[in-house]
Amino acid sequence: MKNFQDKKCLITGAASGIGRSTAIAMGKLGANLFLTDINPEGLKETVQIIINDGGKVSKYKSFDIAKYEDVKEFADEIHREHDSIDILMNIAGTSVWGTVDQLTHANWQKMIHVDLWGPIHGIECFIPQMIRAGKGGHLITVSSAAGLVAFPWHAAYSAAKWGIIGVSEVLRYDLMQHHINVSVVCPGAVDTPLKHTVEIVGIDKNHPEASKLIKRFTERAVTPDKVAQQIINGIKKNKFLIFTSFDIKFLYWSKRKIFPLYHLIMKKLNNLLNDVAKKIQKN
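See below:
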């Protein structure tokens with residue numbers, strides 16, 4: 233897909249971060265937008281920005297993508313007025329980090345419900361209608377670098393993010409016959425509100441040692457606007473994996489091509505985080 237003019241594009245997570253930046257960018261390219269987010273105030277702000285820029289938002293609604301009934305209701309509202317959407321962007325997500333002895337069942341549930349079931353709900357409610365419409369289209373889902381490589385303390389998060397890559401890879405081939413392309417975005421650090429609000433179970437983020445670690449992470453962060461542009465370029469080039477930074481692309485390459493190097497990097501990362509955790513616990 234090269235031209236987005238008047239293409240009907242649904243974006244989840246549009247109230248902030250990557251979702252907001254992508255919605256604004258798509259609005260400037262002439263897309264007809266359908267937006268959602270769990271944060272009603274942020275969603276309204278995004279809509280106003282797009283309208284002020286001359287963009288078009290046909291419908292927006294605040295709800296929790298982890299609730300299938302809410303997603304289906306929004307889909308039904310759209311499909312009563314339109315035969316189908318052309319582009320589905322599953323961007324909404326959340327994050328919890330922690331070692332397996334610190335993670336609670338609620339932590340695991342939250343990751344699976346929002347980061348795996350959420351995108352699946354979008355796929356269930358919109359892709360079949362895109363198939364029936366017979367016009368092709370594009371499915372974009374945001375996974376994570378943690379959906380490709382074994383970052384320490386990311387077990388619950390990775391369970392969802394690896395899962396959605398698997399779903400997307402299957403759909404990449406299943407949907408070819410319907411001319412619906414599939415892309416998965418695999419960001420590393422991105423300068424979004426999630427970067428500041430991520431929960432690290434069992435760790436006081438205000439502790440000096442934790443603050444230093446978080447600073448090292450955030451210094452590598454790219455802007456949401458840059459990610460939005462990479463998503464758009466990825467759609468135009470029909471890329472399956474869309475990377476947002478070279479370090480993640482290299483790490484994934486090393487995992488596949490030079491596994492001993494990847495293994496060494498992962499061990500060092502684990503040792504680094506475990507050392508920080510021990511210092512915090514001692515204090």
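Numbering-wise, the sequence shown is residues 233 to 515 according to the numbering used here.
Just so you know, even glycine gets a beta-carbon here, dropped at the ideal spot from N, CA and C.
Query	Result
Could you check the C-alpha separation between Asp507 and Ile497 for me, to the nearest Å?	15 Å
Any idea what DSSP makes of Asp296, helix, strand or coil?	coil
Ordered along the chain, which non-local residues of its own chain (more than five positions away) have a Cβ less than 8 Å from that of Lys481?	Phe475
Are Ala387 and Val332 touching if we call contact CB-CB under 7 Å?	yes
Per the contact definition of three or more C-beta pairs closer than 8 Å, is the stretch 292 to 309 in contact with the stretch 267 to 277?	yes
How would you write the range of the beta strand (DSSP E) that Lys240 sits in, first residue to last?	240 to 244
Residue ranges of each beta strand (DSSP E) run of no fewer than 3 residues wholly in the stretch 352 to 378, ordered along the chain?	369 to 374
Taking Gly434 and Gly330 to be in contact with their CB atoms under 8 Å, please state how far apart those CB atoms are, rounded to whole angstroms.	6 Å
Suppose you measure from the CA of Asp325 to the CA of Leu493; what does that come to, to the nearest Å?	Per the sequence presented here, residue 325 reads as Gly, with Asp not at that position. Rounded to whole angstroms, Gly325 to Leu493 spans 30 Å at the Cα level.
Quick check on DSSP: helix, strand or coil for Thr254?	helix
Taking the runs of the alpha helix (DSSP H) that are 4 residues or longer, which of them lie wholly in the stretch 419 to 499?	425 to 429, 440 to 450, 456 to 468, 478 to 489
DSSP three-state label for Phe266, please.	strand
Would Gly466 and Ser390 be called neighbours here (beta carbons separated by less than 7 Å)?	no
So, under 8 Å CB-CB, Ile288 and Leu265 are touching, yes? Tell me the CB distance rounded to an integer number of Å.	Checking the sequence shown, residue 288 turns out to be Lys, not Ile. That pair is a contact at about 6 Å.
Could you compute how far the alpha carbon of Gly245 sits from the alpha carbon of Ile270?	7 Å
Along the chain, where does the alpha helix (DSSP H) that runs through Ile283 open and close?	272 to 284
Just confirm the distance between the C-beta atoms of Gly259 and Asp285, as a whole number of angstroms; I'd bet it's less than 8 Å.	6 Å
Below 8 Å on the Cβ atoms is my guess for Asp302 versus Asp296; work out the distance and round it to an integer in Å.	6 Å
Measure from the alpha carbon of Gly350 to the alpha carbon of each residue in Ile243, Asp406, Lys471, then state which is nearest.	Ile243
In chain order, what residues of the same chain lie with their CB nearer than 7 Å to the CB of Leu473, ignoring the 5 residues before and after it?	Val416, Cys418
Alpha carbon to alpha carbon, how far is Thr373 from Asn322?	5 Å
Using the beta-carbon count (16 or more within 10 Å), is Val402 buried or exposed?	exposed
Between His353 and Ile412, what straight-line distance do the alpha-carbon atoms span, to the nearest angstrom?	17 Å
DSSP state of Asn503, grouped into three classes?	helix
For Ile583 versus His311, is the C-beta distance shorter than 7 Å?	In the structure as shown, the chain starts at 233 and stops at 515, and residue 583 therefore has no counterpart that could be examined.
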